[in-house]
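Chemist: Encoded as structure tokens, here's the structure I'll be asking about.
Chains as they are written, first to last, in my numbering: chain A, 1019 to 1290; chain B, 257 to 670.
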């Protein structure tokens, strides 16, 4: 079973870079520019966040991004419009990153049909752990999409195995406890988490939560298949949201972060 | 009066293994919270079967909370309404002034049993925050309470009480700055500090096992009331009425009567300014099924699945989701739900103050307003039982701001 996400992780090369931005932040037009800039800068997978009124797993940076996007009128429907608009311009994989309720309101089948039709590759639902994911995952998989599960340092071995069996594309490893947000250091539990995952899963594993510097990317790249940058990137968007240099600033930031991945891989040339 | 009341046997009305009451409930939490929620579930399911744990809880309820709370027949008010006999379950006379202390003590005991040293909680009206701060002071636990910034302003007396009890009160500025935002923030704290921290949720909400656990800690209300009403009215009530925010005081009193099929159970939601989006908290009127803060239930949401703002004069009912067990009882037809407006609730407050010398909480005043609506048309021998879930001292400034503070001009004492 091949998917774009699986292909992205196949073969040697530098650890893959996965970027998170909230869709529709600061507005629909500039959000599309940001997604294109991320792709130009060499991001391998674009996680596009669906703004939600009650983002309880997120720290202040992504909470505020959600609020900006909601004020600009964004919704799950408009995020899908946004993806449809940029899909043909970007090579990167695209993952919809959301809380459960917007999808439930949209209708699960309506969502998976539309997502598959516009070229979404995967779906990650923050507050839908494997125990609650059953019928939803069936629908996602039957639409040809990858369901991505989170695993954290508190995930038991038994549940790691279940996530590995049910997940597609890659597993998203949370490097430390807490909400999303940049930190000066990567969580110390991450290498151990990755090695626990390796024992039960052949899926690639990407690690995030707290990534904000090429050193973090380099460090995580030594043992994980991918590195996720979220809040630190969203912070760049926030700082530049009034500026006409928003997309260039995002592009420059990702190139800077990628200087960390290029130092790790066998080849310094990133292949797409 | 000496009265020994055992809490009802645990496991009587359990949800399924995954915490579902029919189609509602479950555990919709971020991955990092799955393990601590599971740890909590195991600890609670074990504790509830441990006679030592139950004894310790019941001892505190009796000697510290002052249970059983009285059942009081409001004769002047009944006469004024001209219909049914009205009985009030006086949870306002429990220590700290509301039913919230029952659950706070139960969960704080569980926190100690689990070896946690720190407790976080959310609060809306401040009653759960005060109860939690109280339980933490009693049991030697560190306590931090999250409270929406708007609620901090409108329930200032309770903020002072929490601080005097040694709790840290942290105002929450995000979102709508009310109860749901306080829950978000408390969950964020918990997910960051799961090693030493216990999340003491105040209502029958959140992921399994909270809706079950909170209802069981509150079921003492109904267990007492069932015996008391039998003694005072020579039979079960015709109707049991309680206000419903998350719905813990309602499930607490309903629990004593849910197996008596001819006792009508009515939950009263906050109608705020009326049925306009954003101006009320009547989930069963305009709400739809969705997932909020760990549980699937009936919620107020917009067409994009974002949670709608709510409004109620009472901070404790100002919340967009109703406890999952209420949604189930409603589907089953076992309970029914009504709403009353801010204005009616304030009128209910006034009636009880003037006719019975009791200042009820604005939350409880919603139940009273519903009683005032139905009692006149009920036969004289019928019995209405209302849960007076809390006292209104915290609300006096709000009431006064509504121009309802003093005696109307020209009125003299009779």
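Quick reminder that beta carbons are idealized off the backbone N, C-alpha and C, glycines included.
Give the C-beta separation of residue 396 of chain B and residue 572 of chain B to the nearest angstrom, bearing in mind that I take them to be a contact with Cβ-Cβ under 8 Å.
Modeler: Residue mapping note: residue 396 of chain B aligns to position 140 of the second chain, counting from 1. Residue mapping note: residue 572 of chain B aligns to position 316 of the second chain, counting from 1. At roughly 27 Å, the Cβ-Cβ gap does not stay under 8 Å, so residue 396 of chain B and residue 572 of chain B are not in contact.
Chemist: Would you tell me roughly how many angstroms separate the C-alpha atoms of residue 1062 of chain A and residue 1189 of chain A, rounded to the nearest one?
Modeler: Here residue 1062 of chain A refers to the residue found at position 44 when the first chain is read from its first residue. Here residue 1189 of chain A refers to the residue found at position 171 when the first chain is read from its first residue. Distance between the alpha carbons of residue 1062 of chain A and residue 1189 of chain A is about 15 Å.
Chemist: Could you tell me the distance, in whole angstroms, from the CA atom of residue 666 of chain B to the CA atom of residue 363 of chain B?
Modeler: On the second chain, residue 666 of chain B is found 410 positions in, with the first residue counted as 1. On the second chain, residue 363 of chain B is found 107 positions in, with the first residue counted as 1. Per-residue confidence for residue 666 of chain B stands at a pLDDT of 43, beneath the threshold of 50, marking its modelled position as unreliable; the derived number appears in the next sentence. Near 50 Å, if we compare the C-alpha coordinates of residue 363 of chain B and residue 666 of chain B.
Chemist: Cβ atoms of residue 654 of chain B and residue 618 of chain B: under 8 Å apart, would you say?
Modeler: Counting from one through the second chain, the residue named residue 618 of chain B turns up at place 362. Counting from one through the second chain, the residue named residue 654 of chain B turns up at place 398. Yes. Within cutoff.
Chemist: In the region 499–525 of chain B, which residues sit with their C-beta less than 8 Å from some C-beta in chain A, listed in chain order?
Modeler: none
Chemist: Mapping DSSP to helix, strand and coil, what is residue 446 of chain B?
Modeler: In the second chain, residue 446 of chain B corresponds to position 190, counting from 1. Helix.
Chemist: For a contact meaning CB atoms closer than 8 Å, what does residue 297 of chain B contact in chain A?
Modeler: Here residue 297 of chain B corresponds to residue number 41 of the second chain, with the count starting at 1. Simply none; closest approach about 12 Å.
Chemist: Pick out whichever of A:1093, A:1265, A:1150, A:1031 has its Cα sitting closest to the Cα of residue 1124 of chain A.
Modeler: Reading the first chain from its first residue, position 106 is the one you call residue 1124 of chain A. Looking at the Cα atoms, A:1093 is the closest of the given residues.
Chemist: Give me whichever residues DSSP pairs with residue 708 of chain B in a beta bridge.
Modeler: Lying outside 257 to 670, the shown extent of chain B, residue 708 of chain B is not represented and no answer is given.
Chemist: Leaving out five residues on either side along the sequence, give the residues of the same chain with a beta carbon under 7 Å from the beta carbon of residue 352 of chain B.
Modeler: Here residue 352 of chain B refers to the residue found at position 96 of the second chain. Counting only Cβ-Cβ distances below 7 Å, and skipping sequence neighbours, we find 386, 387, 390.
Chemist: Should residue 1258 of chain A be flagged as near chain B, meaning a C-beta pair shorter than 8 Å?
Modeler: Locating residue 1258 of chain A in the first chain gives position 240, where the first residue counts as 1. Residue 1258 of chain A does not count as touching chain B.
Chemist: Please tell me whether, using a cut-off of 7 Å, the distance from the CB of residue 1134 of chain A to the nearest non-hydrogen atom of the ligand HEM is below it.
Modeler: Ligands in the displayed structure: none, and consequently the ligand HEM is not present.
Chemist: Drop a sphere of 10 angstroms on the beta-carbon of residue 628 of chain B, count the other beta-carbons inside from all chains shown, and report buried for 16 or more, exposed for fewer.
Modeler: What you label residue 628 of chain B is simply residue 372 of the second chain in a count that begins at 1. Under this definition residue 628 of chain B is a buried residue.
Chemist: How do the region 461–471 of chain B and the region 1100–1112 of chain A stand: do at least 3 beta-carbon pairs fall below 8 Å, yes or no?
Modeler: no
Chemist: Is the distance from the Cβ of residue 462 of chain B to the Cβ of residue 434 of chain B below 8 Å?
Modeler: The residue you call residue 462 of chain B lines up with position 206 of the second chain. The residue you call residue 434 of chain B lines up with position 178 of the second chain. Annotated as distal: residue 462 of chain B and residue 434 of chain B, with beta-carbon spacing of 8 Å or more.
Chemist: Mind reading off the beta-carbon distance from residue 1072 of chain A to residue 548 of chain B? Whole number of angstroms is fine, and I expect it under 8 Å.
Modeler: Locating residue 1072 of chain A in the first chain gives position 54, where the first residue counts as 1. Locating residue 548 of chain B in the second chain gives position 292, where the first residue counts as 1. About 7 Å separates the two Cβ atoms, so the contact holds.
Chemist: Residues of the region 1217–1229 of chain A with a CB closer than 9 Å to any CB of chain B: list them in chain order, please.
Modeler: none
Chemist: Looking at C-alpha atoms only, which residue of B:402, B:283, B:570, B:485 is the closest neighbour of residue 524 of chain B?
Modeler: As a position in the second chain, residue 524 of chain B is number 268, starting the count at 1. Nearest option by C-alpha distance: B:570.
Chemist: What residues in its chain sit with their C-beta under 7 Å from that of residue 265 of chain B, if we drop five residues either side in the sequence?
Modeler: Sequence index remark: in the second chain, residue 265 of chain B carries index 9 (1-based). No residues qualify anywhere along the chain.
Chemist: Drop a sphere of 10 angstroms on the beta-carbon of residue 446 of chain B, count the other beta-carbons inside from all chains shown, and report buried for 16 or more, exposed for fewer.
Modeler: By one-based count along the second chain, residue 446 of chain B stands at place 190. The residue is buried, with at least 16 neighbouring Cβ atoms inside 10 Å.
Chemist: What first and last residue would you give for the beta strand (DSSP E) that runs through residue 479 of chain B?
Modeler: Here residue 479 of chain B refers to the residue found at position 223 of the second chain. Run containing residue 479 of chain B: none in the beta strand (DSSP E); it sits in the alpha helix (DSSP H), 476–489.
Chemist: Jot down the residue ranges of each uninterrupted beta strand (DSSP E) in the region 1076–1151 of chain A, minimum 3 residues, whole runs only, in chain order.
Modeler: 1111–1116, 1140–1143
Chemist: Can you tell me the Cβ-Cβ gap for residue 349 of chain B and residue 326 of chain B, rounded? I've got them flagged as a contact below 8 Å.
Modeler: Numbered from its first residue, the second chain carries residue 349 of chain B at position 93. Numbered from its first residue, the second chain carries residue 326 of chain B at position 70. Sure, about 6 Å apart at Cβ, within 8 Å.
Chemist: Should the region 1037–1049 of chain A be called in touch with the region 1139–1158 of chain A, which here means at least 3 C-beta pairs below 8 Å?
Modeler: no
Chemist: Output, in chain order, the set of chain B residues within a Cβ distance shorter than 7 Å of residue 1044 of chain A.
Modeler: The sequence position of residue 1044 of chain A within the first chain is 26, counting from 1. Those do not exist, as residue 1044 of chain A stays about 18 Å from chain B at its closest Cβ, beyond 7 Å.
Chemist: Just to make sure I have the definition right: I need the residues of chain B whose C-beta is within less than 7 Å of the C-beta of residue 1118 of chain A. Which are they?
Modeler: Mapped onto the first chain, residue 1118 of chain A falls at position 100. Here the neighbours are 284, 547.
Chemist: DSSP on residue 1271 of chain A, reduced to helix/strand/coil?
Modeler: Within the first chain, residue 1271 of chain A is the residue found at index 253, counting from 1. Note: residue 1271 of chain A maps to helix in three-state DSSP.
Chemist: On the criterion of 16 or more Cβ atoms from any shown chain inside 10 Å, does residue 531 of chain B qualify as buried, or is it exposed?
Modeler: As a first step, residue 531 of chain B is located in the second chain; it is residue number 275 there, counting from the start. It is exposed - the Cβ of residue 531 of chain B has fewer than 16 other Cβ atoms within 10 Å.
Chemist: With DSSP run on the structure shown, which of helix, strand or coil describes residue 278 of chain B?
Modeler: Within the second chain, residue 278 of chain B is the residue found at index 22, counting from 1. Assignment of residue 278 of chain B by DSSP, reduced to helix, strand and coil, places it in the coil class.
Chemist: Report all residues from its chain with a CB closer than 8 Å to the CB of residue 649 of chain B; omit the five preceding and five following residues, and keep chain order.
Modeler: The residue you call residue 649 of chain B lines up with position 393 of the second chain. 353, 413, 615.
Chemist: Answer with yes or no whether the minimum CB distance from residue 1075 of chain A to chain B is below 8 Å.
Modeler: Within the first chain, residue 1075 of chain A is the residue found at index 57, counting from 1. Taking a beta-carbon distance threshold of 8 Å, residue 1075 of chain A counts as an interface residue toward chain B.
Chemist: Closest to residue 197 of chain B by C-alpha separation, out of B:652, B:550, B:358, B:338, would be which residue?
Modeler: The structure shown has nothing for residue 197 of chain B, since chain B only spans 257 to 670.
Chemist: Using a Cβ-Cβ cut-off of 8 Å, state whether residue 274 of chain B counts as contacting chain A.
Modeler: Walking along the second chain from the start, residue 274 of chain B turns up at place 18. Yes, residue 274 of chain B lies at the interface with chain A (some Cβ there is under 8 Å from its Cβ).
Chemist: Name the DSSP beta bridge partners of residue 595 of chain B, please?
Modeler: Residue numbering aside, residue 595 of chain B sits at position 339 when the second chain is read from its first letter. Partner(s): B:525.
Chemist: Express the C-alpha separation of residue 1022 of chain A and residue 643 of chain B in angstroms, rounding to a whole number.
Modeler: Here the question's residue 643 of chain B lines up with position 387 in the second chain. Here the question's residue 1022 of chain A lines up with position 4 in the first chain. For residue 643 of chain B and residue 1022 of chain A, the distance between alpha carbons rounds to 59 Å.
Chemist: Whose C-beta lies closer than 6 Å to the C-beta of residue 1241 of chain A among residues of the same chain, with five residues either side of it excluded?
Modeler: To locate residue 1241 of chain A, count along the first chain from 1; it is residue 223. Answer for residue 1241 of chain A: 1209, 1212, listed in chain order.
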